[in-house]
Structure formats: structure tokens, C-alpha cells
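Report on the structure given below.
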Amino acid sequence: MNKKLAIIGAPITIAQPNMGVDLGPDAIRYAGLHNRLESLGVNFYDYGNLDVPKSGTDQKDPKTNLKNLEQVAEGNEQIANKLNEVKKQGEVPLILGGDHSIAIGSIAGVAPYYKEMGVIWYDAHPDLNTNETSPSGNIHGMSLAASIGLGHKRLTSINGQGPKVKPENIVIIGARSIDEGERKLIREKGIRVYTMHDIETLGMSHVMKEAVEYLRERTDGVHLSLDVDGIDPQFTPGTGTPIEGGPSYRETLYAMKTLHDSGIITSAEVVEVNPLLDDQNKTAVVAADMIAALYGEKYL
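Numbering (this note's numbering), first residue to last: 358 to 657.
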């Protein structure tokens, strides 16, 4: 990587119900992220953590069916503004979450720099709910929907009105907990999804090869959104919505190395590391491992 990597902590926690995910960015740093990147010769600067709103309520607003809408929107506006700043400087954003709502600001911040933005969504959940379909009202389950222009206008209008990414430019990998409204939307919008059944049937090598080729043909920049609950919870216990039966540590490491070798990734985020739910920072270490692989770490 010739461009400078811009590390940005985005400790939003109030788009989901578990305390502690705001500690995720520092937990990943503590797991040795800087040393790993230095050993790879990656030129980077850590901007620290954004001062996002951290207080909210667990109660849904009966008018919107959403929790903490204004605070989450404000935090994502800060993320989008910061990413706009570093992109103008020619830097490559790496965002450390925080819950998965931060993808709203991340994608909104980088999308204007590409004619055909692509997204790889590595997650147990597609996060395609809206305030109309969400059973919980937690915005971290709506971030991809907001990015394609669906949901409350306070979320879809961050950094400009309208969709930030086209549905056909998205690839979801590792999905295994999909709500009925999300299933319907995936079919309607033609979003490419590799469920765990697909990974088990085809193998991670085949899935990643197809995903890279698919996005290379139609996009000029790809944002990676890696939720640690996309990985099987035996490897990442420190996360708020663990779903059994996910890709292994080895499969995910292979996926990250494949993305590095492909050269298509132009920004990335790692989200939902929660040290309060973790076992001796195990999940943050896995997150640091995956980031290192994404930026070039190899066995030999």
C-alpha cells in the first residue's frame, strides 16, 4: 500500500443494547494493531476516537420504531465528515467500531469518491431491516438498508440524499440469521448473498473468487464491512449478537488475504468487538489478525 492508512475509532454503542462495544476500538489497538501494521511497513496515522454520542435509551420511539435515532445519526454524520476529510488528503480509511451502525457513516463518507461504489458485507446478519420491518428498533441492524436508501430519512440523508451504494454492487458473505423482511428485500433488489450453506457447499476459496470477480467487473472501489459476529463465536465470543455455525478463523483469514491480493479494497471497517463480553481480549486479537491479513500479513 502506497497511500497512508487513516485509522479512525468510531465508538458508537447506542444502536444496539449491549454495553461495552464503545470500548472496541481501543481493545483492537491494545491487541497489537499498530505493531502489526508497522511490521508490514504500512504507512498509517491513528486519528484516535471520534467524540460520538454515547448516552441513549433502550426504549423505542413509538413514532419511528427506532431507538436513539438522533444520537446515532449525529455520530454517523461525524464519521462521514471525518472520512471525507481523510479521503481528500488521499488517505485510506480504516474504521474501528463501535456497533455496526457506523457503516452508515462510513459508506456515506467514502461513496462520493467513486462512480460505482461496491461493498463486501462480512456478517452473520444482512442488516437490511428498516424502521418498518425491524423487530427490535436497533439501528445497527439497519445500516446496509440505509446505505441503499431505505429506511428513515434521517439515516438515508447522511452526507447527501439518496442511496450511497447500489444493491447490485453489494456482496454479503457468511449470512445465517436473516429476518423475513430482509429475505424479501434481498430477492427484490437482487443482492448477491453467500450464506453459510453456500460457503459449506462451495468452499470459501470459491466464494471469495466469485465475489472478487463480481465486484471487479462492476465497481471502481470496494468498502469492506467486517462484523466480528460474521465469524463463528467459538473464535469471537466478545460480540453482542453471536450466531453459531459461522466461518472459522482460518476461513476468514483466507478471505482477508484474498481481498488483500485482489487489490479491490479501498476502505474498511471492523465492528462489534465488545470487551465486556470477551474472554481475555480474544475477539479483539482476532480482529487485529484479520486487519493484518487484509493489509498484507502472510505466513512466509
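Where is the CB? At the ideal position from N, CA and C, for every residue including glycine. All values derive from a computational prediction rather than experimental measurement.
Please report the distance separating the alpha-carbon of residue i from that of residue j.
i	j	result
K424	N495	6 Å
V630	T370	11 Å
K417	P599	23 Å
G381	K472	32 Å
E654	L397	7 Å
K361	A367	19 Å
H509	L657	48 Å
K420	R540	25 Å
E601	T609	15 Å
L559	K566	11 Å
T414	M499	18 Å
L507	N422	15 Å
Q518	N441	16 Å
L542	N638	36 Å
If we call anything under 8 Å between Cβ atoms a contact, is residue i one with residue j?
i	j	result
V429	A384	no
A625	H563	no
D536	N488	no
H497	S463	no
G595	D555	no
K444	V476	no
L501	D484	yes
N375	G587	no
V528	I505	no
L572	I530	no
A645	R393	yes
R533	A481	yes
E448	A363	yes
V409	Y652	no
L407	Q446	no
G578	M474	yes
M561	P590	no
V643	Y606	yes
G547	E525	yes
K411	D379	yes
Based on Cα-Cα distance, which residue from the options lies nearest to residue i?
i	options	result
L453	V522, R386, T598	R386
A460	K444, E448, K445, W478	W478
P632	M474, T593, E427	T593
I648	Q637, D635, L657, T615	T615
F401	E434, L451, N438	L451
V628	S619, E608, G560, T640	T640
L426	I515, N441, H391, L440	I515
V585	L634, E545, R575	L634
Which two residues bound the contiguous beta strand (DSSP E) that contains residue i?
i	result
Y402	401-406
V535	First, the residue type needs correcting, since residue 535 is Ile and not Val in the sequence shown. I535 -> no beta strand (DSSP E), and no H or E assigned at all.
S582	578-584
Y479	474-479
P450	449-454
L362	362-367
A625	622-628
V300	The displayed coordinates of the chain run from 358 to 657. Any statement about residue 300 would go beyond what the structure contains.
State the start and end residues of the unbroken alpha helix (DSSP H) segment that holds residue i.
i	result
I464	459-467
V643	639-651
E608	606-619
Kindly list the residues whose CB is nearer than 6 Å to the CB of residue i, restricted to its own chain and excluding five residues on each side of it in sequence; keep chain order.
i	result
T490	G538
S582	A460, W478, E626
Y470	K444
P520	I505, G506
Given residue i, which residues of its chain have a CB within under 8 Å of its CB, disregarding the five upstream and five downstream residues?
i	result
A568	I477, V528, I530, R549, Y551
Among the residues of its own chain, which have a CB less than 7 Å from the CB of residue i, if the five just before and after it don't count?
i	result
A503	I461, L512, T513
Taking only beta-carbon positions, decide if residue i is within less than 8 Å of chain D.
i	result
V643	Looking at the structure shown, chain D is missing, and only one protein chain is on hand.
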